[in-house]
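In structure tokens:
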């Protein structure tokens with residue numbers, strides 16, 4: 001008979017430093033086991049070849065993690081000129097090699113063309129679904145499929161280093177941006193092609209950029225315990241779940257209006273005396289934080305003058 005391991009009901013966000021050559025799902029499974037957590041999820045997958053910030057949300061934080069998935073991201077990427085691969089990174093097969101020539105002389109000029117709103121065709125080796133099926137599955141089966149274009153925004157792109165046929169950039173971009181595609185497109189604009197030889201996510205909007213903890217860091221803390229039931233040092237690494245919704249405007253309500261919302265009962269239409277910007281009422285369907293005397297209760301939205309709960313904390317004790 002299989003014995004179910006004890007799992008803890010914890011809540012919070014861990015800033016995991018995912019290593020290269022590990023999938024986001026693998027990183028999640030290992031981290032959850034180290035933390036002995038009942039419930040955990042990651043927010044925004046990183047390619048196996050990529051490293052860096054992978055937020056792991058435990059307990060109630062997993063419920064609200066979707067609200068910062070829409071946030072902007074920051075990456076550090078190294079592109080290698082002269083080589084194009086099937087995946088746009090070092091994991092793919094080489095499609096073509098071309099002479100780099102003096103292409104690097106035009107790097108700054110070309111990169112400027114990619115700032116602002118641009119159109120991308122995501123890589124075939126990606127999790128984007130077409131007709132209900134992930135693109136990478138079509139690629140593995142050798143099936144050609146039309147990949148829909150998408151608009152993304154590159155807010156900032158800075159050249160950090162140039163060495164031989166490689167260049168390193170720091171990119172701040174909107175959600176849904178594929179850095180592999182960006183580097184590949186820069187290479188094509190230079191006339192010689194390029195692929196991502198190194199990729200690190202360094203920031204996610206709404207979260208601090210550090211400190212980050214690797215799986216080895218977590219395991220070392222766990223192994224150093226004198227009491228195997230003592231997770232206090234690991235729990236100290238968790239950030240509050242409210243960071244998931246930090247970018248949302250706050251609607252602060254008195255108990256009489258807040259308590260019914262926790263049970264799914266919409267409230268309104270008289271919000272006189274409530275502490276929040278009343279112009280939010282007209283911004284229908286936009287997410288807002290619901291708080292009572294400063295305490296976070298959940299996320300809701302306004303519609304036809306009513307405040308409607310969208311996702312609320314569980315087991316609230318007033």
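Residue numbers (UniProt numbering): 1 to 318. Backbone N, C-alpha and C fix where the C-beta goes; we use that ideal spot for every residue, glycine too.
Report task. Below 6 angstroms CB to CB, which residues in the same chain sit around residue 153 once its five sequence neighbours on both sides are set aside? Result -> 117 and 174
Query raised in the report: Which word fits residue 149, buried or exposed, when buried means at least 16 other C-beta atoms lie within 10 angstroms of its C-beta?
Result: exposed
Query raised in the report: When burial is assigned at 16 or more other CB atoms within 10 Å of the CB, is residue 97 buried or exposed?
Result: exposed
Requested in this report: Please work out which residues of its chain come closer than 7 angstroms, Cβ to Cβ, to residue 139, disregarding the five sequence neighbours upstream and downstream, and give them in chain order.
Outcome: 124 and 125
Query - Between the CA atoms of residue 167 and residue 159 - distance to the nearest angstrom - result: 7 angstroms
Query - CA-to-CA distance, residue 10 to residue 244, given in whole angstroms - result: 16 angstroms
Query - Any beta strand (DSSP E) of 3 or more consecutive residues that is wholly inside the stretch 217-258 - result: 250-253
Query raised in the report: What runs of the alpha helix (DSSP H), each 4 residues or longer, lie entirely inside the stretch 74-117?
Result: 107-112
**Report entry** Rounded C-alpha distance that separates residue 141 from residue 52
**Finding:** 30 angstroms
Report task. For the beta strand (DSSP E) containing residue 163, list its first residue and its last residue. Result -> 150-163
Report task. Report the residue from 280, 247, 291 and 219 whose alpha carbon sits nearest the alpha carbon of residue 254. Result -> 291
Report task. Report all residues from its chain with a CB closer than 7 angstroms to the CB of residue 241; omit the five preceding and five following residues, and keep chain order. Result -> 11, 12, 13, 60, 61 and 64
Query raised in the report: Sorted by chain position, which residues of the same chain lie with C-beta nearer than 6 angstroms to residue 68's C-beta, five sequence neighbours on each side aside?
Result: 206 and 244
Query - residue 303 to residue 21 span [Cα, whole Å] - result: 46 angstroms
Query raised in the report: Ends of the beta strand (DSSP E) at residue 197?
Result: 194-204
Query raised in the report: So residue 183 packs on residue 195, CB below 8 angstroms; how close in whole Å?
Result: 7 angstroms
Query raised in the report: Quick one: Cα of residue 278 to Cα of residue 66, how far?
Result: 25 angstroms
Requested in this report: Check whether the Cβ atoms of residue 55 and residue 204 sit closer than 8 angstroms, and answer yes or no.
Outcome: yes
Report task. Helix, strand or coil for residue 330, going by three-state DSSP, please let me know. Result -> The chain is shown from 1 up to 318; residue 330 falls before or after that span and cannot be answered.
Query raised in the report: Considering only C-alpha positions, which residue in the set 224, 299, 145 and 308 is nearest to residue 314?
Result: 299
Query - Proximity to residue 102 [Cα-Cα], best of 191, 259 and 201 - result: 191
Query - residue 24 burial status per 10 Å Cβ neighbour count (16 or more: buried) - result: buried
Query raised in the report: Hey, residue 234 and residue 221: beta-carbon distance below 8 angstroms or not?
Result: yes
Requested in this report: Ignore the nearest five residues each way along the sequence and tell me which others in residue 80's own chain have a CB closer than 7 angstroms to its CB.
Outcome: 165, 166, 194, 195 and 197
Query raised in the report: Looking at the structure shown, is residue 328 part of a helix, part of a strand, or coil, going by DSSP?
Result: The displayed coordinates of the chain run from 1 to 318. Any statement about residue 328 would go beyond what the structure contains.
Query - Euclidean distance between Cα positions of residue 1 and residue 16 - result: Caution applies to residue 1, whose pLDDT of 38 falls short of 50 and renders its modelled position unreliable; the model cannot decide the point.
Query raised in the report: Alpha carbon to alpha carbon, how far is residue 217 from residue 186?
Result: 36 angstroms
**Report entry** Neighbourhood of residue 3 by C-beta distance below 8 angstroms, restricted to the same chain and skipping five residues each side
**Finding:** With a pLDDT of only 40 at residue 3, under the threshold of 50, the placement of this residue in the model should not be trusted; the figure read from the coordinates follows. Result list for residue 3: empty, nothing under 8 angstroms.
Query raised in the report: Helix, strand or coil: which one does DSSP assign to residue 187?
Result: helix
Query raised in the report: In three-state DSSP terms, what is residue 3?
Result: For residue 3, the pLDDT reaches just 40, beneath the cut-off of 50, and the residue's location in the model is therefore unreliable, although a value from the coordinates is still provided. If DSSP states are grouped into helix, strand and coil, residue 3 belongs with coil.
Query raised in the report: What residues in its chain sit with their C-beta under 7 angstroms from that of residue 95, if we drop five residues either side in the sequence?
Result: 84, 85 and 86
Query - Residue burial classification, residue 18 (beta-carbon count within 10 angstroms, cutoff 16) - result: buried
Query raised in the report: Counting along the chain, where does the beta strand (DSSP E) carrying residue 312 start and finish?
Result: 306-312
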